[in-house]
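Under this note's numbering, the first residue of the sequence shown carries the number 924, and numbering increases by one thereafter. All C-beta atoms, glycine included, are put in the ideal place defined by N, C-alpha and C. Only a predicted model underlies this, so the values are computations on that prediction, with no experimental measurement involved. Right, one structure below, let's go through it.
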Amino acid sequence: RESLKAAYSLLFKLSSVVLILSVVSLFFWIFGTTLNIMQPTATFPYEWDNVRDYISTYYGLYFETQHTQFLGVELNRNSGIFCEAPMYNMILCIALSIELYLREEKSKLRILILSLTIISTFTTTGQFFLIINIFLLLYRGLNKYLKVILFVMMPFVIVGFYMVVSLLLIDKKQTIEGESSVNSREKDIEL
924 RESLKAAYSL
934 LFKLSSVVLI
944 LSVVSLFFWI
954 FGTTLNIMQP
964 TATFPYEWDN
974 VRDYISTYYG
984 LYFETQHTQF
994 LGVELNRNSG
1004 IFCEAPMYNM
1014 ILCIALSIEL
1024 YLREEKSKLR
1034 ILILSLTIIS
1044 TFTTTGQFFL
1054 IINIFLLLYR
1064 GLNKYLKVIL
1074 FVMMPFVIVG
1084 FYMVVSLLLI
1094 DKKQTIEGES
1104 SVNSREKDIE
1114 L
């Protein structure tokens, strides 16, 4: 029982650190990268996947590492302090899971900040994660009668979810970066 309490305490601390990273990265992503109200404070040498370049940073607290095309619009991804947005997204999803499923007293503000940060990474896995969790939370809030109706409608829900996932993957594959990412993940899965 004590070891479980210690593990939860550690997870809550991790979530709090990630929340601070989220606030910082959202601030610089919105006011620096997206709106150009703030200018980068320095450049930093960057090497990732055989690409050598210099990337902009804001006080060493946020780095502009990746650009993407999302639903046909050219965007900068919020990668926080990480080399790539998918890694940042993974950490954010873990923190949001801790907030949603382990923390007894839920904070809507913490959940909102983490969710917005996940959206700002423009990662397919982050979008799937949010969709699945929205569905689970809505399902939890239903009464028994509505749960039975939803169970009967499950084939339609599954088809709808499949269509949304397919559209997101098709959109992702239509970009050069996305095609390379999808092909890379397919190779990882095949191994």
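So residue i and residue j are in contact, right, with Cβ under 8 Å, and what is the actual spacing, rounded?
{"i": "residue 935", "j": "residue 1054", "result": "Wrong, their Cβ atoms sit about 25 Å apart, outside the cutoff."}
{"i": "residue 1042", "j": "residue 946", "result": "Not really, about 15 Å apart at Cβ, beyond 8 Å."}
{"i": "residue 948", "j": "residue 1003", "result": "4 Å"}
{"i": "residue 1016", "j": "residue 1052", "result": "5 Å"}
{"i": "residue 979", "j": "residue 970", "result": "Rounded, the Cβ-Cβ distance is 16 Å, inconsistent with contact."}
{"i": "residue 1048", "j": "residue 1008", "result": "No, residue 1048 and residue 1008 are not in contact; Cβ-Cβ is about 10 Å, not under 8 Å."}
{"i": "residue 951", "j": "residue 985", "result": "4 Å"}
{"i": "residue 1040", "j": "residue 1001", "result": "7 Å"}
Taking DSSP's pairing of strands, which residues face residue i in a bridge?
{"i": "residue 965", "result": "980"}
{"i": "residue 952", "result": "None, per the DSSP bridge assignment."}
{"i": "residue 998", "result": "991"}
{"i": "residue 985", "result": "981"}
{"i": "residue 974", "result": "971"}
Would residue i and residue j qualify as a contact pair, given that the criterion is a beta-carbon distance under 8 Å?
{"i": "residue 1012", "j": "residue 991", "result": "no"}
{"i": "residue 1033", "j": "residue 942", "result": "yes"}
{"i": "residue 1023", "j": "residue 973", "result": "no"}
{"i": "residue 982", "j": "residue 967", "result": "no"}
{"i": "residue 1073", "j": "residue 1062", "result": "yes"}
{"i": "residue 1038", "j": "residue 1019", "result": "yes"}
Which first and last residues belong to the beta strand (DSSP E) in which residue i is found?
{"i": "residue 1012", "result": "Where residue 1012 is concerned, there is no enclosing beta strand (DSSP E), although the alpha helix (DSSP H) it sits in stretches over 1008 to 1020."}
- request: Just list the beta strand (DSSP E) runs in the stretch 1042 to 1085, keeping only unbroken ones of 3 residues or longer that don't cross its boundaries, in chain order.
  value: none
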